[in-house]
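>
Residue numbers (the working numbering): 292 to 612.
Below you can see the structure in the form of structure tokens.
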């Protein structure tokens with residue numbers, strides 16, 4: 292019975308995300324995760340052994356951010372399966388980012404088409420960590436397309452993967468891991484040691500989802516009429532061209548599908564970070580590629596969602612035989 296309500300909650304959460312997205316100003320569970328991370332950072336960063344402190348932070352955040360939702364879901368199930376469904380659906384909705392990823396990158400497209408270079412830089416600064424002032428028009432477009440590619444995995448495929456395994460609680464576990472990496476998983480003077488556990492565990496948790504996402508993106512490229520053969524070729528060649536073992540998995544597919552070149556050197560906090568190019572410069576990248584990346588995002592999300600739901604339905608039917 293529980294798995295049926297879990298599956299229904301994932302379906303409702305996916306639909307709510309497509310329709311509503313993440314309205315600004317609304318309470319959001321991931322913001323709560325961020326506050327928990329900041330709270331524990333104040334406690335554990337004081338430790339002399341920074342790596343141990345970062346590991347303790349990671350454990351406390353996981354216990355808090357996965358444990359509290361699990362507890363609330365357990366209580367709601369005891370109250371009523373329908374109360375459980377409502378809460379589970381709400382959490383699943385907030386763990387996904389299909390619409391918000393489209394909306395935020397579309398703002399970059401709109402500014403590039405109708406605004407100024409400065410307004411375009413400000414729009415892309417909302418979705419990337421690199422210095423916007425160092426970006427020209429081409430750099431802004433590439434940053435937006437790369438963000439859609441990477442977050443097709445981090446913001447859609449990976450949360451779905453863990454929700455299919457463990458429901459909303461599984462999704463919360465993943466988002467806590469991913470949020471820690473985005474907040475403290477940096478190789479700088481403050482987080483080199485303290486954020487190491489967060490960065491390494493994010494690599495572990497994203498290992499399978501990123502590769503599944505890449506395969507679904509190749510299929511999506513074919514279904515949406517993009518260069519699927521080149522997507523597969525570039526993925527096989529360039530999927531390891533990133534400091535992260537996972538990030539280039541989806542970026543390489545996107546570059547190949549669109550026949551453009553992504554990545555390359557970037558500026559972070561005034562420092563140039565050397566990065567290899569991903570993909571071949573078959574044609575110049577343009578603003579239309581942001582919209583094209585949305586088509587691949589939407590198709591990949593639908594395929595991943597559909598595959599997971601079918602597997603869950605199959606498991607339900609087998610359990611009842």
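Don't be surprised by glycine CBs; every beta carbon is placed ideally from N, CA and C.
In whole angstroms, what separates the C-alpha of residue 430 from that of residue 596?
Looking up residue 430 in the chain shown gives position 139. Looking up residue 596 in the chain shown gives position 305. Going from the Cα of residue 430 to the Cα of residue 596 covers about 32 Å.
> Which of the three DSSP states is assigned to residue 447 in this structure?
Locating residue 447 in the chain shown gives position 156, where the first residue counts as 1. It is helical.
> Taking only runs that begin and end inside the region 427-501, name each unbroken alpha helix (DSSP H) of 4 or more residues, in chain order.
Those alpha helix (DSSP H) runs which fall completely within the region 427-501 and span 4+ residues are 428-443, 449-475.
> Three-state secondary structure (DSSP) at residue 387?
In the chain shown, residue 387 corresponds to position 96, counting from 1. Correct three-state label for residue 387: coil.
> If you compare alpha carbons, which of 379, 457, 356, 303 is closest to residue 367?
For the purposes of this step, residue 367 is taken as the residue at position 76 of the chain shown. Ranking 379, 457, 356, 303 by Cα distance to residue 367 puts 379 first.
> Using C-beta distances below 7 Å, list every residue in its chain close to residue 364, excluding the 5 sequence neighbours before and after it, in chain order.
The count along the chain shown starts at 1 and reaches residue 364 at position 73. Once the five neighbours on either side are set aside, the close Cβ partners of residue 364 are 375, 378, 379, 459, 460.
> Take residue 520 and list the residues in its own chain whose beta-carbon comes closer than 8 Å to its own, dropping the five residues that flank it on each side.
By 1-based counting over the chain shown, the position of residue 520 is 229. Closer than 8 Å at Cβ, skipping near neighbours: no residue.
> Mind checking whether residue 463 and residue 354 have CB atoms under 8 Å apart?
Position 172 of the chain shown holds residue 463. Position 63 of the chain shown holds residue 354. No, these two residues do not count as a Cβ contact at 8 Å.
> Is residue 517 helix, strand or coil by DSSP?
One-based indexing of the chain shown puts residue 517 at position 226. Looking at residue 517 - three-state DSSP - the assignment turns out to be coil, as it is neither helix nor strand.
> What does the Cβ neighbour count give for residue 445, buried or exposed, with the cut at 16 atoms within 10 Å?
Position 154 of the chain shown, counting from 1, holds the residue named residue 445. With 16 or more other Cβ atoms within 10 Å, it is buried.
> Around the C-beta of residue 610, are 16 or more other C-beta atoms found within 10 angstroms, so that it is buried, or is it exposed?
On the chain shown, position 319 is the one that residue 610 refers to. That one is exposed.
> Can you give the Cα-Cα distance for residue 479 and residue 472, rounded to whole angstroms?
Taking the first residue of the chain shown as position 1, residue 479 is located at position 188. Taking the first residue of the chain shown as position 1, residue 472 is located at position 181. Computed Cα separation, rounded: 13 Å.
> Flag this pair as yes or no: are the beta carbons of residue 326 and residue 484 separated by less than 8 Å?
Along the chain shown, read from residue 1 onward, the residue named residue 326 stands at position 35. Along the chain shown, read from residue 1 onward, the residue named residue 484 stands at position 193. No, the pair does not count as a contact, with Cβ atoms beyond the cut-off.
> Along the alpha helix (DSSP H) that carries residue 326, what are the first and last residues, could you check?
For this step, residue 326 is matched to residue 35 along the chain shown. From DSSP, the alpha helix (DSSP H) with residue 326 extends over 320-335.
> With a CB to CB cut of under 7 Å and the five nearest residues on each side skipped, what residues in its chain are close to residue 453?
Locating residue 453 in the chain shown gives position 162, counting from the first residue. Only 461, 462, 464, 465 meet the Cβ criterion.
> Got a sec, what are the start and stop residues for the alpha helix (DSSP H) residue 352 sits in?
On the chain shown, residue 352 is found 61 positions in, with the first residue counted as 1. Where residue 352 is concerned, the enclosing alpha helix (DSSP H) stretches over 341-370.
> For residue 315, which of helix, strand or coil comes out of DSSP?
Mapped onto the chain shown, residue 315 falls at position 24. Coil.
> Identify, in the order they occur along the chain, each residue of the same chain with its Cβ nearer than 8 Å to the Cβ of residue 540, setting aside the five sequence neighbours on each side.
Taking the chain shown and counting its residues from 1, the one referred to as residue 540 is at position 249. Cβ within range, chain order: 444, 501, 502, 504, 505, 526, 530.
> How long is the line joining the alpha carbons of residue 543 and residue 552, rounded to whole angstroms?
Here residue 543 refers to the residue found at position 252 when the chain shown is read from its first residue. Here residue 552 refers to the residue found at position 261 when the chain shown is read from its first residue. Taking the straight line from one Cα to the other gives about 9 Å.
> Counting only runs of 4+ residues fully inside the region 522-557, write out the alpha helix (DSSP H) ranges in chain order.
Qualifying alpha helix (DSSP H) stretches, in chain order: 538-549.
> State the DSSP-derived secondary structure class of residue 574, mapped to helix, strand or coil.
Within the chain shown, the letter at position 283 stands for residue 574. DSSP places residue 574 in coil when its eight states are reduced to three.
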